[in-house]
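In the numbering used here, the protein residues as written are 14 to 390.
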């Protein structure tokens, strides 16, 4: 047995098991080696803890802190309600987003925008999800989704909506159609306010150009509800074209699409013409026919040959198969037999939303220019 004050030793192998910092100084090299072997065996037999595995690989920056420790629940339910953009959606977002948002988790970005200070619309998860990469037009997002919304006054409208599910299973609701042009102007203003906190300067300027165009149109004309619905659809097509051109080209080249916000835009004129044709067809089909009226001899008139070039005639807006009378729009006025009846049976009187530049030049040259009530064309 050892004496008092001496370190205790294992009688079987003579190994000192009492450890202290000062003991190493008195040990031989063999004793230090034996102690290192003991420590190595203890380390190898230490119980291991199972490392946590992230349930959503795309959300590692959201679910882990700086040293890789999970900070959020990783359940399947959370995954289903999370926003997980595709690679193409990420590429478009990176091209249109504010620099401060680049590289941030997509779900965090859209959920933060839901209650952001610049979000003055009904910020449902589907709308924010589509706005992430400018998915306007055929992809489902509409300008009218950005209708001005005051939660404190209209919160009852959100009672039946899921405002927390940002997954694709939460489908967007159809937007409220405009009843007047002021609805479109206000929606553009709300979109512009949102864009200033979410998109880069190129996108903001594109929206600002569209908003300015609609504000000016609201001053010059007051189209009916049907025409306003057509205008909203036309704007959605332009916003969607911005995104599609961005995918095919780059952000600098697509900025020129803002120049298409004009009354003389070919697409707008085609849509307006189609709307007028549909209106004429509906009016004709609902109008009762009066028997014997076609047999009156005094209704036959000799038509005058037209002096308008054929190229210009083809450009003029039409109602049904009749072209717009340029005299009707001019200061000289139409020389028809009575009010509302044109001098040419192949022409008709109506006010179109826009007029081709060549038609304006012809009116200025031959008919002393546009009449006062048509100066906005």
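Virtual Cβ for every residue (Gly too), placed ideally from N, Cα, C.
Use the C-beta contact count for residue 227: other C-beta atoms within 10 angstroms, 16 or more gives buried, fewer gives exposed.
-> Sequence index remark: in the chain shown, residue 227 carries index 214 (1-based). Answer is buried; the Cβ neighbour count reaches 16.
Pick helix, strand or coil for residue 232, following the three-state DSSP scheme.
-> Translated into the one-based positions of the chain shown, residue 232 becomes position 219. Helix.
Going by alpha carbons, who is nearest to residue 361 out of 369, 370, 349?
-> Working through the chain shown from its first residue, we reach residue 361 at position 348. Here the closest residue by C-alpha is 349.
Using a threshold of 7 Å, state whether the C-beta atoms of residue 159 and residue 204 are closer than that.
-> Numbered from its first residue, the chain shown carries residue 159 at position 146. Numbered from its first residue, the chain shown carries residue 204 at position 191. Yes, the Cβ-Cβ distance between residue 159 and residue 204 is below 7 Å.
Check whether the Cβ atoms of residue 224 and residue 194 sit closer than 7 Å, and answer yes or no.
-> As a first step, residue 224 is located in the chain shown; it is residue number 211 there, counting from the start. As a first step, residue 194 is located in the chain shown; it is residue number 181 there, counting from the start. No, these two residues do not count as a Cβ contact at 7 Å.
By DSSP, does residue 321 sit in helix, in strand, or in coil?
-> On the chain shown, residue 321 is found 308 positions in, with the first residue counted as 1. Reduced to three states, the DSSP call for residue 321 is coil.
Same chain, Cβ closer than 6 Å to residue 102, neighbours up to 5 away in sequence not counted = Against the chain shown, residue 102 aligns to sequence position 89. Result list for residue 102: 146, in chain order.
With a CB to CB cut of under 7 Å and the five nearest residues on each side skipped, what residues in its chain are close to residue 249?
-> Translated into the one-based positions of the chain shown, residue 249 becomes position 236. Here the set comprises 149, 150, 155, 156.
Top-ranked residue by Cα proximity to residue 138, from 122, 245, 239 = Numbered from its first residue, the chain shown carries residue 138 at position 125. Residue 138 has its Cα closest to that of 122, out of 122, 245, 239.
Same chain, Cβ closer than 8 Å to residue 209, neighbours up to 5 away in sequence not counted = The sequence position of residue 209 within the chain shown is 196, counting from 1. Excluding sequence neighbours, residue 209 sits near 131, 217.
Report yes if the C-beta distance between residue 404 and residue 126 is below 7 Å; otherwise report no.
-> For the chain, the structure presents residues 14 to 390; residue 404 sits outside this window and is missing.
Residue 241 - DSSP class collapsed to helix/strand/coil | For the purposes of this step, residue 241 is identified with residue 228 of the chain shown, where counting begins at 1. In the structure shown, residue 241 sits in a helix (DSSP, three-state: H, G or I).
What separation, rounded to the nearest whole angstrom, lies between the Cα atoms of residue 367 and residue 229?
-> Reading the chain shown from its first residue, position 354 is the one you call residue 367. Reading the chain shown from its first residue, position 216 is the one you call residue 229. Each residue's alpha carbon lies about 14 Å from the other.
Among all the DSSP beta bridges, which residues are the ones paired with residue 332?
-> Numbered from 1 along the chain shown, position 319 holds the residue referred to as residue 332. DSSP output for residue 332 lists 335 as bridge partner(s).
In DSSP terms, what residue 383 is bridged to = One-based indexing of the chain shown puts residue 383 at position 370. 343, per the DSSP bridge assignment.
Counting Cβ pairs, one atom from each stretch, are 3 or more of them under 8 Å apart for the region 275 to 290 and the region 181 to 188?
-> no
Quick one: what does DSSP say residue 102 is sitting in, helix, strand or coil?
-> Here residue 102 refers to the residue found at position 89 when the chain shown is read from its first residue. Looking at residue 102 - three-state DSSP - the assignment turns out to be helix.
Among 213, 256, 215, 283, nearest to residue 243 - alpha-carbon criterion | Reading the chain shown from its first residue, position 230 is the one you call residue 243. When only C-alpha atoms are compared, the closest one is 283.
Proximity winner among 326, 340, 341, relative to residue 334 (alpha-carbon distances) | Taking the chain shown and counting its residues from 1, the one referred to as residue 334 is at position 321. Among 326, 340, 341, the Cα nearest to that of residue 334 is on 326.
Quick one: residues in its chain with C-beta nearer than 7 Å to the C-beta of residue 388, no 5 flanking neighbours on either side, listed in chain order?
-> What you label residue 388 is simply residue 375 of the chain shown in a count that begins at 1. Counting only Cβ-Cβ distances below 7 Å, and skipping sequence neighbours, we find nothing.
Counting only runs of 4+ residues fully inside the region 137 to 205, write out the alpha helix (DSSP H) ranges in chain order.
-> 138 to 144, 164 to 167
Quick one: is the Cβ of residue 278 within less than 6 Å of any heavy atom of the ligand HEM?
-> No copy of the ligand HEM appears in this structure; indeed no ligand is present at all.
Alpha carbon of residue 324 to alpha carbon of residue 364, nearest angstrom | In the chain shown, counting from the first residue as 1, residue 324 sits at position 311. In the chain shown, counting from the first residue as 1, residue 364 sits at position 351. So the two alpha carbons sit approximately 21 Å from each other.
Sequence-distant residues of its chain with Cβ nearer than 7 Å to residue 276 (five each side left out) | Locating residue 276 in the chain shown gives position 263, where the first residue counts as 1. 366, 367.
Which one of 182, 286, 321, 342 has the shortest CA to CA distance from residue 331?
-> Walking along the chain shown from the start, residue 331 turns up at place 318. If we check each option's Cα against that of residue 331, 286 comes out closest.
Taking just the CA atoms, how far does residue 270 sit from residue 176?
-> Here residue 176 refers to the residue found at position 163 when the chain shown is read from its first residue. Here residue 270 refers to the residue found at position 257 when the chain shown is read from its first residue. Straight-line Cα distance between these residues: approximately 33 Å.
For residue 153, I'd like the list of residues in its chain whose CB is within less than 6 Å of its CB, leaving aside the five on either flank, ordered along the chain.
-> Counting from 1 along the chain shown, the entry for residue 153 is found at position 140. 143, 185, listed in sequence order.
Per-residue burial, residue 343 [other beta carbons within 10 Å of its own, 16 or more giving buried] | Start at 1 with the first residue of the chain shown, and residue 343 comes out as number 330. Buried: at least 16 other Cβ atoms inside 10 Å.
Secondary structure of residue 119, DSSP reduced to three states | Within the chain shown, residue 119 is the residue found at index 106, counting from 1. In this structure, residue 119 counts as helix in the three-state DSSP scheme.
Leaving aside the five residues before and after residue 371 along the sequence, list all residues of the same chain whose C-beta is less than 7 Å from its C-beta, in chain order.
-> For the purposes of this step, residue 371 is taken as residue 358 along the chain shown, with counting starting at 1. Excluding residues within five positions, the ones whose Cβ falls inside 7 Å are 325, 328.
By Cβ distance below 6 Å, which residues in the same chain neighbour residue 105 in space, the five residues on each side in sequence not counted?
-> Position 92 of the chain shown, counted from the first residue, corresponds to residue 105. Only 146 meet the Cβ criterion.
Can the beta-carbon of residue 197 be found less than 7 Å from the beta-carbon of residue 238?
-> For the purposes of this step, residue 197 is identified with residue 184 of the chain shown, where counting begins at 1. For the purposes of this step, residue 238 is identified with residue 225 of the chain shown, where counting begins at 1. Going by C-beta atoms, residue 197 is not nearer than 7 Å to residue 238.
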